[in-house]
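Everything below concerns the one structure shown next.
Number of protein chains: 2
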Amino acid sequence: MSGRDSGRQPKYQRIAAELRAAIEAGEYGPGERLPGENDLMATHEVARMTARQALGVLQAEGIVEARKGAGVFVRDFKPVRRLGIERLAHGQWGEGRSVWETDVAGRSLVVDSVAVSEEEATAVAAGVLGLAEGERVCVRRRRYTLDGKPVLLSTSHLSAGLVVGTPITQPDTGPGGVYARLEELGRGPVRFREEIRSRMPGADEADRLELPPGVPVVLVARTAFDADGVAVEVNEMVLDSSAYVLEYGFDA
Amino acid sequence: MSGRDSGRQPKYQRIAAELRAAIEAGEYGPGERLPGENDLMATHEVARMTARQALGVLQAEGIVEARKGAGVFVRDFKPVRRLGIERLAHGQWGEGRSVWETDVAGRSLVVDSVAVSEEEATAVAAGVLGLAEGERVCVRRRRYTLDGKPVLLSTSHLSAGLVVGTPITQPDTGPGGVYARLEELGRGPVRFREEIRSRMPGADEADRLELPPGVPVVLVARTAFDADGVAVEVNEMVLDSSAYVLEYGFDA
DNA sequence: TAGTGGTCTAGACCACATT
DNA sequence: ATGTGGTCTAGACCACTAC
Numbered sequence: 138m139s140g141r142d143s144g145r146q147p148k149y150q151r152i153a154a155e156l157r158a159a160i161e162a163g164e165y166g167p168g169e170r171l172p173g174e175n176d177l178m179a180t181h182e183v184a185r186m187t188a189r190q191a192l193g194v195l196q197a198e199g200i201v202e203a204r205k206g207a208g209v210f211v212r213d214f215k216p217v218r219r220l221g222i223e224r225l226a227h228g229q230w231g232e233g234r235s236v237w238e239t240d241v242a243g244r245s246l247v248v249d250s251v252a253v254s255e256e257e258a259t260a261v262a263a264g265v266l267g268l269a270e271g272e273r274v275c276v277r278r279r280r281y282t283l284d285g286k287p288v289l290l291s292t293s294h295l296s297a298g299l300v301v302g303t304p305i306t307q308p309d310t311g312p313g314g315v316y317a318r319l320e321e322l323g324r325g326p327v328r329f330r331e332e333i334r335s336r337m338p339g340a341d342e343a344d345r346l347e348l349p350p351g352v353p354v355v356l357v358a359r360t361a362f363d364a365d366g367v368a369v370e371v372n373e374m375v376l377d378s379s380a381y382v383l384e385y386g387f388d389a
Numbered sequence: 138m139s140g141r142d143s144g145r146q147p148k149y150q151r152i153a154a155e156l157r158a159a160i161e162a163g164e165y166g167p168g169e170r171l172p173g174e175n176d177l178m179a180t181h182e183v184a185r186m187t188a189r190q191a192l193g194v195l196q197a198e199g200i201v202e203a204r205k206g207a208g209v210f211v212r213d214f215k216p217v218r219r220l221g222i223e224r225l226a227h228g229q230w231g232e233g234r235s236v237w238e239t240d241v242a243g244r245s246l247v248v249d250s251v252a253v254s255e256e257e258a259t260a261v262a263a264g265v266l267g268l269a270e271g272e273r274v275c276v277r278r279r280r281y282t283l284d285g286k287p288v289l290l291s292t293s294h295l296s297a298g299l300v301v302g303t304p305i306t307q308p309d310t311g312p313g314g315v316y317a318r319l320e321e322l323g324r325g326p327v328r329f330r331e332e333i334r335s336r337m338p339g340a341d342e343a344d345r346l347e348l349p350p351g352v353p354v355v356l357v358a359r360t361a362f363d364a365d366g367v368a369v370e371v372n373e374m375v376l377d378s379s380a381y382v383l384e385y386g387f388d389a
């Protein structure tokens, strides 16, 4: 390393910290361009790879986005729209002001693609649905798009024996969707459980959700139980974490 | 680039994909060491920086961990233990088998450090608690540690006027904690709302939670409402996403 | 066309962990 | 002491975007 030591931390981290501070101070607002590789090379007298590394830190933190041939820009974090259980439960959870702002209104969440198939149950699906190893399940895969940008991948599992011959095995399940059809079978869900985790996307998920680097996914696994407490559906969802704020409400 | 083209994608991505596939195929199990920079340079005939870039991809995906002087290892993903709302609500949400396994048992979640102070309300806290701009709030900051590893940062805001002179302004709030003290003030919470997001940690959060690269944080903002529907507390939590599975249950 | 970020090379020195 | 990953340099060519 050339020159003095200036604080016991790598150059690229110092540069990253400086840019991060400038962004937080509002010197570069959302969507604005910030100094690129060449600028940093000049102003900090470092090699290209070092400047890249500094910008890479901010990219990995998800606060900055690089566009080929254009520059590096402050990411515009607009949480967009919340996924709620509103449509599943009695929607009385709006009390008080929210911590995070969300674009509530007129955005259109549409199903982008649907694929239905009958498959052998995965170990997880079999376990949750109480099926034997290798039993058949109906698998419904969907991708949801918000204003043209994919934001949610959904994989729903139902016992094939339960749904065979119903519209559930069709791409279009009709009004009310899968849950309405289960209702007609006398197995309508009365209770839901959702489990939530987060991690970085695999290459395939990043691809299908068109995720830039530095954006994690949120995994939501919803299990629907019928009146007898039997699990009738397991839905594993993968969400673009930058597109969703999840909300839950409950009584003490 | 030297040599042929082999598939229209960068070398480092090909190498990363190859290693990823090998890991998924079980060739390298959790905790096992995988080929390092020098190995990849030799076997793939690339420069050091290219080998590093390949390993960097897997690190950013959180499936691999580099240890200085030792090597690169497959990360041992153990979700550890779920945070529930169990202790806040009637704990009847265990029906059926869970989608993700969690180490349920004897791990000890302890408060690592507590700091209480009176501050000017942030814009968010003021908005949610219905306070005027700049009004005073009691802020309780805590860090939770699971078996020695920090896993949760909690920042709780309460109106200073409400809690002044009570144990809530002390590090030790006594049996039952903050909510029990609010109860004694006649403002015990009867309803909760939780908002959930995920993103990559900032440098400070990564530091305080001792997060390796490639691990996102989950943000949980809990608002507690009293019997009149007034928000009495806002708690913003930052969780190590690799340590938690959140669970919620609700009726249709 | 000029400038940008993306990929890649072939070296180098360092702090660190394991032996 | 050896080998590891971490940092850094000084070049290079490319594809892409914006003008």
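Here the protein sequences line up with chains A and B, keeping their order.
Under the working numbering, the first residue of the first sequence is numbered 138, with each subsequent residue one higher.
Under the working numbering, the first residue of the second sequence is numbered 138, with each subsequent residue one higher.
Backbone N, C-alpha and C fix where the C-beta goes; we use that ideal spot for every residue, glycine too.
Under 9 Å (Cβ pairs) to chain A, residues found in the segment 186-201 of chain B: M186, G193, V194, A197, E198, G199 and I200
Per-residue contacts from I407 of chain A into chain B (C-beta, under 8 Å): The first residue shown for chain A is 138 and the last is 389, placing residue 407 of chain A beyond what the model contains.
Bridge partner(s) assigned by DSSP for F210 of chain A: The residue labelled residue 210 of chain A in the question sits at position 73 within the first sequence. For F210 of chain A, which the question treats as bridged, DSSP gives the partners A:R170 and A:E202.
CB contact below 8 Å: F329 of chain B versus chain A: For the purposes of this step, residue 329 of chain B is taken as residue 192 along the second sequence, with counting starting at 1. It does: the Cβ of F329 of chain B has a partner Cβ on chain A nearer than 8 Å.
Spatially closest choice to E202 of chain A from A:L246, A:T310, A:G267 and A:E169, by CA coordinates: As a working mapping, residue 202 of chain A is identified with position 65 in the first sequence. Considering only alpha carbons, the answer is A:E169.
DSSP bridge partner residues for D377 of chain A (one or two, in chain order): Counted from its first residue, the first sequence places residue 377 of chain A at position 240. Bridge partners of D377 of chain A: A:V354.
contact_flag[the segment 251-259 of chain A, the segment 338-348 of chain A] where n(CB pairs < 8 Å) is 3 or more: no
Paired residues, beta bridge with R280 of chain A - DSSP: To locate residue 280 of chain A, count along the first sequence from 1; it is residue 143. DSSP output for R280 of chain A lists A:S250 and A:L290 as bridge partner(s).
Backbone secondary structure at L268 of chain B - three-state DSSP: As a first step, residue 268 of chain B must be located in the second sequence, where it is residue number 131. Reduced to three states, the DSSP call for L268 of chain B is coil.
Span separating the alpha-carbon of Y385 of chain B from that of V327 of chain A: Mapped onto the second sequence, residue 385 of chain B falls at position 248. Mapped onto the first sequence, residue 327 of chain A falls at position 190. So the alpha carbons of these two residues sit roughly 14 Å apart.
Presumed contact (8 Å Cβ cut-off) between A262 of chain A and H294 of chain A, rounded CB distance: One-based indexing of the first sequence puts residue 262 of chain A at position 125. One-based indexing of the first sequence puts residue 294 of chain A at position 157. Between H294 of chain A and A262 of chain A the Cβ distance is about 4 Å, and since that is below 8 Å, they are a contact.
Nearest candidate by alpha-carbon position, reference V352 of chain A, set B:L268, B:R334 and B:P349: Position 215 of the first sequence, counting from 1, holds the residue named residue 352 of chain A. Comparing Cα positions, the closest option is B:R334.
Within 8 Å of chain A by C-beta, residues of the segment 335-349 of chain B in sequence order: S335, R336, M337, P338, G339 and A340
Cα-Cα separation between Y149 of chain A and N175 of chain A, rounded to whole angstroms: On the first sequence, position 12 is the one that residue 149 of chain A refers to. On the first sequence, position 38 is the one that residue 175 of chain A refers to. The straight-line gap from Cα to Cα measures roughly 14 Å.
Spatially closest choice to P308 of chain A from A:E155, A:V276, A:G206 and A:A252, by CA coordinates: Translated into positions along the first sequence, residue 308 of chain A becomes position 171. Measuring from the Cα of P308 of chain A, the nearest candidate turns out to be A:A252.
Y385 of chain B - DSSP class collapsed to helix/strand/coil: Your numbering for residue 385 of chain B matches position 248 in the second sequence. Note: Y385 of chain B maps to strand in three-state DSSP.
Close Cβ partners of G330 of chain A (< 6 Å) along its chain, the five nearest in sequence each way excluded: For the purposes of this step, residue 330 of chain A is identified with residue 193 of the first sequence, where counting begins at 1. The sequence given here places Arg at residue 330 of chain A; Gly does not occur at that position. Result list for R330 of chain A: T360, in chain order.
Contact list for the segment 317-328 of chain B against chain A, Cβ threshold 7 Å: P326, V327 and R328
Where the alpha helix (DSSP H) through R345 of chain A begins and ends: Residue numbering aside, residue 345 of chain A sits at position 208 when the first sequence is read from its first letter. From DSSP, the alpha helix (DSSP H) with R345 of chain A extends over A340 to R345.
Distance CB(I160 of chain B)-CB(V194 of chain B) smaller than 8 Å: Residue numbering aside, residue 160 of chain B sits at position 23 when the second sequence is read from its first letter. Residue numbering aside, residue 194 of chain B sits at position 57 when the second sequence is read from its first letter. No, they are not a contact pair.
Assigned secondary structure, T360 of chain A (DSSP; H/G/I helix, E/B strand, else coil): In the first sequence, residue 360 of chain A corresponds to position 223, counting from 1. Strand.
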